[in-house]
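**Student:** In my numbering, the protein residues as written are 7 to 697.
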Ligand SMILES: Cc1cc2nc3c(=O)[nH]c(=O)nc-3n(C[C@H](O)[C@H](O)[C@H](O)COP(=O)(O)O)c2cc1C
Ligand code: SF4
């Protein structure tokens, strides 16, 4: 039974002609599948509806070839042929009684139209938002009329495809409507430029067109960036108040978000839950229409507070719904502690950035619903007729081991987890103690909570396991999830062989720092050849402790891979503010007693960098010794009753936290399964020959 404190979250909300059955609203989010994988996309959205989200929206849906987000794979509604694949998505959502929303977009001068080669369009003639040598053409009155026609036709097609709620999108600086609205991107001096009345003209016209076209058969939503975070040169509160004063009653729902996408989907390292409240508070009072807002909401108490204090009517969520598609259903069933809370890492964003199917650190089934048949809450029970349940030993209680154990437990295996140290959680727990990564704990908390509820999974701490132990207790299967160890010899991307290191030098690794060991002198260099978050996080740790820190990295940017999680600029600014120096495009070639030989990664020139200690954030070595030994002893397995041995997670191949968890999960899903039940479906795109 649900806790009565949360009753308000389950009240229905009328949105124009339709009614949301509760206040949980999955706001638009892309997923790397888009028009290329609509079966997979439909299955993913369907799972959200099944999990209790009253409204489930698509991602950006391009309305015309002049809005072509390639290489990012979004949805398209260019012509009538798109209706059929889109209707698969709305049907999957309707199957569970939820409303299906579609976010129509014309990206204006945000895109370079890399695939269609159409000239980008915008209110002003200017280079496009991406670093492409392409400019947008200033739209004339016939272009504006065409844009309105495309949008109107897309509304009609959306309704034909079964959507209940159609978005007019003026958010994230990604939409031509916002480009017109903002003085930052609109330099016109006709009736569409200059005053805010003129700049909001296109928004007004498109809202009116949309309402007229929908004619009450679908609700019209408007997603609006309520602050571009550009100060007085962009959209700010004052003008937004004017927009709402003029157009507040035009759509059936307002969906407010803040800033460009990187600010809206800020990571936990840079923003806490509910961080958009200061921008959104008070706007709801300017309209009678329901308002949805976002802010990485995972705490039901915080959701209740935002509703009761009049900030919003509907709890918008992208990432919390990715991490736990069953968040509303769990709350409704009185299982709030079982919510798999988003950790705010933006691995989901990285999938879109890299045009791969969406993935999630916390929810390994995300993006796998259709192609592997993984459901986030259902596991096939292991079927071994007439015998005792198989016994599985999981060695290591890090992210992969815990995920494997809880999933195996749910499948009905008898599971024993042995952990050499006193603490469970492995790297997730150790990293959670570093600056900005406290939410990594949730990885461990969720899994330990699930394990605690299972009577068939036991965890033994301080239990180092030898080959004899592993063979001695009659396990059918052994999963070795013993993680990986950071290397101290410089081997990584730049060096495939150990580098020259003087015996007088102090070389530390991230593992050393996480174990509490500290540099012996004040001048510290971090050689970041890993390029994800850890190098920057360790720099932050040390500089705050009083060390003088310099990051040496062969890439042109510090923490270069974090462009994919939209954190790179923020990391750069934070490190700069803290006084961390960065030597980009340099690699460490040699470590001497109190200095490094560093070499320019492009020009090859070397120079000396004085330092007392160097931290190697380069490569890792799998801790796969136990797995290797066991595999070498396969002739003894039969006597021990052992059938399979498998390394999983970082012990198999070091990678992201998300990857370790996924591997642990996959192991559990596939153990004792018939090969025929282990599938990986593909959507084979046929050639479209019709005009
Ligand atoms: C992976 C991902 C993809 C997104 N794609 C879109 C999109 O297509 N359209 C859009 O309006 N917002 C998009 N967003 C932004 C979200 O709708 C939302 O406003 C933002 O993530 C903040 O909400 P959250 O904290 O609940 O994630 C995306 C967010 C994520 C995480
Ligand atoms: S990948 Fe990270 S940020 Fe995205 S939903 Fe999952 S846990 Fe949250």
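Here a beta-carbon is modelled for each residue, glycine too, at the ideal position from N, C-alpha and C. Note that this is a predicted model, so its numbers are computed, not measured.
Assuming residue 492 is part of the beta strand (DSSP E), what are its boundary residues?
**Tutor:** Here the beta strand (DSSP E) through residue 492 covers 490-492.
**Student:** Taking 6 Å as the cut-off, does the CB of residue 367 come closer than this to any heavy atom belonging to ligand 2?
**Tutor:** At least one heavy atom of ligand 2 is nearer than 6 Å to the Cβ of residue 367, so yes.
**Student:** Since residue 65 is in the beta strand (DSSP E), which residue starts that stretch and which ends it?
**Tutor:** 61-68 is the span of the beta strand (DSSP E), which, as asked, contains residue 65.
**Student:** Thinking residue 282 and residue 178 are a contact (beta carbons under 8 Å), I'd like their distance in whole angstroms, please.
**Tutor:** With 8 Å as the limit, residue 282 and residue 178 do not qualify as a contact, their Cβ atoms being about 13 Å apart.
**Student:** Can you round the beta-carbon distance between residue 144 and residue 129 to whole angstroms, since I take them to be within the 8 Å contact cut?
**Tutor:** So it is a contact: roughly 7 Å between Cβ atoms.
**Student:** My assumption, with CB atoms under 8 Å, is that residue 408 sits in contact with residue 430. Please give the rounded CB distance.
**Tutor:** Yes, residue 408 and residue 430 are in contact; Cβ-Cβ is about 7 Å, under 8 Å.
**Student:** Using only the heavy atoms of ligand 1, determine whether one of them is closer than 6 Å to the beta carbon of residue 516.
**Tutor:** No - ligand 1 has no heavy atom lying nearer than 6 Å to the Cβ of residue 516.
**Student:** Could you tell me whether the segment 502-522 touches the segment 596-613, where touching means 3 or more Cβ pairs closer than 8 Å?
**Tutor:** The answer is yes - the segment 596-613 touches the segment 502-522, with three or more Cβ pairs under 8 Å.
**Student:** Does the distance between the C-beta of residue 688 and the nearest non-hydrogen atom of ligand 2 fall short of 6 Å?
**Tutor:** No.
**Student:** Would residue 334 and residue 30 be called neighbours here (beta carbons separated by less than 7 Å)?
**Tutor:** Going by C-beta atoms, residue 334 is nearer than 7 Å to residue 30.
**Student:** Who are residue 588's beta bridge partners in DSSP?
**Tutor:** The partner list for residue 588 (beta bridge, DSSP) reads 557.
**Student:** So, under 8 Å CB-CB, residue 555 and residue 530 are touching, yes? Tell me the CB distance rounded to an integer number of Å.
**Tutor:** That pair is a contact at about 5 Å.
**Student:** Does at least one heavy atom of ligand 1 sit under 6 Å from the Cβ of residue 35?
**Tutor:** It does: the Cβ of residue 35 is within 6 Å (strictly closer) of some heavy atom of ligand 1.
**Student:** Looking at the strands, I want to know which residues DSSP matches up with residue 606.
**Tutor:** Beta-bridge pairing links residue 606 to 592.
**Student:** Output the boundary residues of the alpha helix (DSSP H) element that contains residue 215.
**Tutor:** Residue 215 -> alpha helix (DSSP H) spans 207-220.
**Student:** Helix, strand or coil for residue 198? Go by DSSP, reduced to three states.
**Tutor:** The answer is coil: DSSP assigns residue 198 none of H, G, I, E or B.
**Student:** Less than 7 Å between the beta carbons of residue 388 and residue 418, yes or no?
**Tutor:** Result yes, Cβ atoms of residue 388 and residue 418 sit closer than 7 Å.
**Student:** Do you know offhand how far residue 575's Cα is from residue 235's?
**Tutor:** One C-alpha to the other measures close to 15 Å.
**Student:** Mapping DSSP to helix, strand and coil, what is residue 336?
**Tutor:** Of the three classes helix, strand and coil, the one that applies to residue 336 here is helix, per DSSP.
**Student:** Whole angstroms are fine: how far does the CA of residue 358 sit from the CA of residue 492?
**Tutor:** Computed Cα separation, rounded: 29 Å.
**Student:** Return the Cβ separation of residue 117 and residue 67 in integer angstroms, given the expectation that the two are a contact with Cβ distance under 8 Å.
**Tutor:** Not quite, the Cβ-Cβ distance comes to about 14 Å (not below 8 Å), so this is no contact.
**Student:** Can you tell me the Cα-Cα spacing of residue 582 and residue 477, whole angstroms?
**Tutor:** For residue 582 and residue 477, the distance between alpha carbons rounds to 53 Å.
**Student:** For a test of your reading of the model: does the CB of residue 184 fall under 6 Å from any non-hydrogen atom of ligand 1? Yes or no.
**Tutor:** Residue 184 Cβ: outside cutoff for every heavy atom of ligand 1.
**Student:** Determine the direct distance from the alpha carbon of residue 42 to that of residue 632, and round the result to whole angstroms.
**Tutor:** Residue 632 and residue 42: Cα-Cα distance of roughly 42 Å.
**Student:** Since residue 319 and residue 296 are thought to touch, with beta carbons under 8 Å apart, how far apart are those beta carbons, to the nearest angstrom?
**Tutor:** Confirmed, about 4 Å.
**Student:** Per DSSP, residue 574 forms a beta bridge with which residues?
**Tutor:** Per DSSP, none; premise fails for residue 574.
**Student:** Counting along the chain, where does the alpha helix (DSSP H) carrying residue 634 start and finish?
**Tutor:** Counting along the chain, the alpha helix (DSSP H) containing residue 634 begins and ends at 631-638.
**Student:** Since residue 372 and residue 365 are thought to touch, with beta carbons under 8 Å apart, how far apart are those beta carbons, to the nearest angstrom?
**Tutor:** Confirmed, Cβ separation roughly 6 Å.
**Student:** Any heavy atom of ligand 3 closer than 6 Å to the CB of residue 263?
**Tutor:** This structure lacks ligand 3; its bound ligands are ligand 1 and ligand 2.
**Student:** Quick one: using the 10 Å Cβ neighbour count with 16 as the cut-off for buried, is residue 345 buried or exposed?
**Tutor:** Classification of residue 345: buried, given that the 10 Å Cβ count is 16 or more.
**Student:** Check whether the segment 561-579 touches the segment 646-664, taking contact to mean three or more Cβ pairs, one atom from each stretch, closer than 8 Å.
**Tutor:** The segment 561-579, when compared against the segment 646-664, does not touch it at the 8 Å Cβ threshold.
**Student:** Which class does residue 77 belong to by DSSP, given the choice of helix, strand or coil?
**Tutor:** In the structure shown, residue 77 sits in coil (DSSP, three-state: anything other than H, G, I, E or B).
**Student:** Identify which residue in 193, 293, 155, 176 has its Cα closest to the Cα of residue 132.
**Tutor:** Checking every option, the nearest Cα to that of residue 132 belongs to 193.
**Student:** May I ask you to report which of helix, strand or coil DSSP gives residue 23?
**Tutor:** Coil.
**Student:** When DSSP labels each residue in this structure, what does residue 349 get in the three-state scheme?
**Tutor:** It is coil, neither helix nor strand.
**Student:** DSSP three-state label for residue 434, please.
**Tutor:** Residue 434 falls in the helix class under three-state DSSP.
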